[in-house]
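Trainee: Got a structure for you, questions after.
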Amino acid sequence: MIACPHFSISIRQRSKRQSAVAGAAYQSGEKFFSEYDLKTKNYSYKSGEVLAKGILLPPNAPPEYADRQALWNAAEKVEGQWNAQLARGIIMALPIELPKNEYEALIRDYCREQFVSRGMIADFAIHDKGDGNPHAHILLTMRAMNENGKWLPKARKVYDLDENGERIRLPSGEWKSHKENTVDWNDRKYAEVWRTEWAKAVNRYFEKNGIPERLDLRSFERQGKAELPTIHLGPAVAHMEEKGIRTEIGEYNRRIKEHNSALSSLRRLLTDLSAWLKSVVRKISEFTEKEAPQPTILDFVNAYYDMRKNQRFDWNKYAKQKGSVVDLKQRSKIFNWLQETGITTMEDFKVMLKSQQPIIDKVKANEKRIKRLETGIGYIDTSARLKPIADKSKRGFKSIREKYAEAHGDELAEYNKAIRYLKANNITNEDREKLAAEVRMLKKENKKLNDQLQSANMDSEIIRQIRYCVDTVLHEAEIPEKKESVMVMLKADRTPAPQKRIHKKEELSM
13 MIACPHFSIS IRQRSKRQSA VAGAAYQSGE KFFSEYDLKT KNYSYKSGEV
63 LAKGILLPPN APPEYADRQA LWNAAEKVEG QWNAQLARGI IMALPIELPK
113 NEYEALIRDY CREQFVSRGM IADFAIHDKG DGNPHAHILL TMRAMNENGK
163 WLPKARKVYD LDENGERIRL PSGEWKSHKE NTVDWNDRKY AEVWRTEWAK
213 AVNRYFEKNG IPERLDLRSF ERQGKAELPT IHLGPAVAHM EEKGIRTEIG
263 EYNRRIKEHN SALSSLRRLL TDLSAWLKSV VRKISEFTEK EAPQPTILDF
313 VNAYYDMRKN QRFDWNKYAK QKGSVVDLKQ RSKIFNWLQE TGITTMEDFK
363 VMLKSQQPII DKVKANEKRI KRLETGIGYI DTSARLKPIA DKSKRGFKSI
413 REKYAEAHGD ELAEYNKAIR YLKANNITNE DREKLAAEVR MLKKENKKLN
463 DQLQSANMDS EIIRQIRYCV DTVLHEAEIP EKKESVMVML KADRTPAPQK
513 RIHKKEELSM
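Residues 13 to 522 (this note's numbering) are what the sequence shown spells out, left to right.
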């Protein structure tokens, strides 16, 4: 399972001195002229890292918007407010497991399904500098269009009505009203929808190419995992790191990666196994008869691979054969592991988890504390590094200060963010060594705890694969028209379940 790669959504806003034209020029590696501020946005030096780019238009969009410069100048022209939202941007990491020649088709399919079908124009570009970090940029329009390709208002005025359906007059003499968005694209639900659908799109391409990995874009915390997330570097910091200049964010990410690699893969998985087991047992009881024997883990695994086989009905002979070979290898690994461990049922998982849960809980609590401490340390370092710039921005005449602030906008924003965090958490620069000492102590404690977990001799990758099999089969069983066929697969008489070993008491305690 590939867990939580980068996927970020942001809004380009005029109030932050951002430009949709500049964003389009940056991601496409082109040179554009902005009609709004009458400045040239030249990012042609980035053209060498752009693998592919394109603009996808809904049927009612004017054909001239296939020109990137024309599109984004038009999108900015219709926005008259000083604080207007100009465009929505998405950046997502592309899976290195997938052949590069599949990237463009993947992005085009995803954009058509999620954005163009809803009426947005999608401008995409795929970047790869050869540094092992291929990624895609997508820039989306914020306004809907009518059937003639004219931009529509973002919101409309709606009058409130009383119980008799009449307008309500306010003491001021005005009619009571409120604003309603003409489209729901700004609804927070879409952040989760677009992330989830991106994972599904990538997994479809993995399946198509016979790649066993699967993408999971839920946060580590939502997945129940205790890894600490790294911070996205951003273009400025990434450029500095490429030049060999070590930054606070880069150092922080290196510490986090070192910390995460030290954790056993077993502990990362077991953090949410308890909740998962409860959910699985409940779902199984919902679609099986009360007195009937419960399906074994092997029943679910066999049903899952039967489903995969059935989904390949329209594949060519070579692709079917390739997929079957991958399935056979995976199924054999799972079967052998079940035989070696004697874990046959969900109850066996519960016994294993019960012996490990106190250690897991302690590690997770320590890691949350470590994350908070290292965040504080990072902001202390940031404030110290950028304080000279912040001090200089306050000196001189107003015109000089404004010019300096414009030239150092990113650094000042980063400094102010650090100061706000430190004040809100009552942290001073003098606290750095105290925080660092606590981090060292907690990491040392977690190392000992993780060594205990490693001795459990469990294969986390196999457990993840089993979980994926069980979840997929249960999801299919929840669909009424598919429930019967799933039950038939679960009850099929196939390979006998592995013989369960008799564990000694001390072996269970691990």
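For glycine and all other residues, C-beta sits at the position ideal for the given N, C-alpha and C. Remember, predicted model here, so these are calculated numbers, not experimental data.
Buried or exposed for K166, going by 16 or more other Cβ atoms inside 10 Å?
Mentor: buried
Trainee: Taking the beta carbon of I150 as the centre, do at least 16 other beta carbons fall within 10 Å, making it buried, or is it exposed?
Mentor: buried
Trainee: For the beta strand (DSSP E) holding N526, just list the boundary residues, first then last.
Mentor: In the structure as shown, the chain begins at 13 and stops at 522. Residue 526 is therefore absent and cannot be evaluated.
Trainee: Nearest to K89 by CA position, among D49, T394 and D79, is which residue?
Mentor: D49
Trainee: What is the rounded straight-line gap between the Cα of R320 and the Cα of E496?
Mentor: Between the alpha carbons of R320 and E496 lies a gap of roughly 17 Å.
Trainee: For Y115 and L63, which I take to be in contact (beta-carbon distance under 8 Å), what is that distance rounded to the nearest angstrom?
Mentor: 7 Å
Trainee: Roughly how many angstroms lie between the CA atoms of P400 and L289, to the nearest whole one?
Mentor: Rounded to whole angstroms, P400 to L289 spans 54 Å at the Cα level.
Trainee: If I'm right that D135 touches A36 with Cβ under 8 Å, what's the distance once you round it to whole angstroms?
Mentor: 6 Å
Trainee: Quick one: using the 10 Å Cβ neighbour count with 16 as the cut-off for buried, is G335 buried or exposed?
Mentor: buried
Trainee: Going by C-alpha to C-alpha distance, which of D121, E423, I389 and T440 sits closest to S405?
Mentor: E423
Trainee: Excluding the 5 residues flanking L454 on each side, which residues of the same chain have their C-beta closer than 7 Å to its C-beta?
Mentor: N378, R381 and I382
Trainee: Going by the DSSP bridge assignment, what does Y171 pair with across the sheet?
Mentor: The bridge partners DSSP lists for Y171 are S189.
Trainee: Go ahead and label F312 buried or exposed: buried means 16 or more other beta carbons lie within 10 angstroms of its beta carbon, across all protein chains shown.
Mentor: Counting the other CB atoms within 10 Å of its CB gives F312 a total of 16 or more, which places it among the buried residues.
Trainee: What whole-angstrom Cβ distance do I478 and K345 have, given they're in contact under 8 Å?
Mentor: With 8 Å as the limit, I478 and K345 do not qualify as a contact, their Cβ atoms being about 10 Å apart.
Trainee: Cutting at 6 Å between CB atoms, please list the residues of its own chain near L83, excluding the five before and the five after it.
Mentor: Y77
Trainee: Just checking, does the stretch 326-334 make contact with the stretch 291-302 on the three C-beta pairs under 8 Å criterion?
Mentor: A contact is defined here as three or more CB-CB pairs under 8 Å, and the stretch 326-334 fails this definition with respect to the stretch 291-302.
Trainee: Kindly indicate which residue of S59, Y55, A32 and S40 has the alpha-carbon position closest to the one of S46.
Mentor: Comparing Cα positions, the closest option is A32.
Trainee: Output the residue ranges of the alpha helix (DSSP H) runs that lie fully inside the stretch 27-98 and measure 4 residues or longer, sorted by chain position.
Mentor: 32-40 and 80-89
Trainee: Taking 9 Å as the threshold (C-beta atoms), are G142 and P70 in contact?
Mentor: no
Trainee: Taking the Cβ atom as the reference point for each residue, do P146 and I103 lie within a distance shorter than 9 Å?
Mentor: no
Trainee: Can you give me the C-alpha to C-alpha distance between T353 and Y330, rounded to a whole angstrom?
Mentor: 35 Å
Trainee: Roughly how far, in whole angstroms, is the beta-carbon of I392 from the beta-carbon of R343, given that I think they are within contact range, below 8 Å?
Mentor: So it is not a contact: roughly 52 Å between Cβ atoms.
Trainee: Could you please give the first and the last residue of the uninterrupted beta strand (DSSP E) stretch that includes L151?
Mentor: Residues H147 to L152.
Trainee: Between A10 and the rest of its own chain, which residues show a CB-CB distance below 6 Å, the 5 nearest in sequence each way excluded?
Mentor: Nothing can be reported for residue 10: it is not among the residues displayed for the chain, which extend from 13 to 522.
Trainee: If distances are taken between C-alpha atoms only, which option among C123, Y416 and A87 comes closest to V214?
Mentor: C123
Trainee: For W327, does the three-state DSSP call read helix, strand or coil?
Mentor: coil
Trainee: For Y217 versus L118, is the C-beta distance shorter than 9 Å?
Mentor: yes
Trainee: Report the rounded CA-to-CA distance for E159 versus P74, giving the unit in angstroms.
Mentor: 10 Å
Trainee: Following the continuous beta strand (DSSP E) through D12, name the residue where it begins and the one where it ends.
Mentor: Residue 12 lies beyond the residue range present for the chain, which begins at 13 and ends at 522; the question has no answer from this structure.
Trainee: Could you give the C-beta distance for A96 and T153, rounded to a whole number, given that I count them as a contact under 8 Å?
Mentor: Contact doesn't hold; Cβ gap of about 13 Å is too wide.
Trainee: Cα separation between R432 and Q25?
Mentor: In this structure, the straight-line span from the alpha carbon of R432 to that of Q25 is close to 22 Å.
Trainee: Hey, would you say L227 sits closer than 9 Å to A203, going by beta carbons?
Mentor: no
Trainee: Would the beta-carbon of K112 fall within 9 Å of that of D79?
Mentor: Contact check for K112 against D79 fails: the beta carbons are separated by 9 Å or more.
Trainee: Let me know the alpha helix (DSSP H) ranges lying completely inside the stretch 421-462, each 4 residues or longer, listed in chain order.
Mentor: The DSSP assignment places 421-436 as complete runs of the alpha helix (DSSP H) inside the stretch 421-462, in order along the chain (cut-off: 4 residues).
Trainee: Helix or strand or just coil, what does DSSP make of A156?
Mentor: coil
Trainee: Apart from the five residues just before and just after H190, which ones in its own chain have a Cβ nearer than 7 Å to its Cβ?
Mentor: If you ignore the 5 residues before and after H190, its C-beta comes within less than 7 Å of the C-beta of V170 and D172, all in its own chain and listed in chain order.
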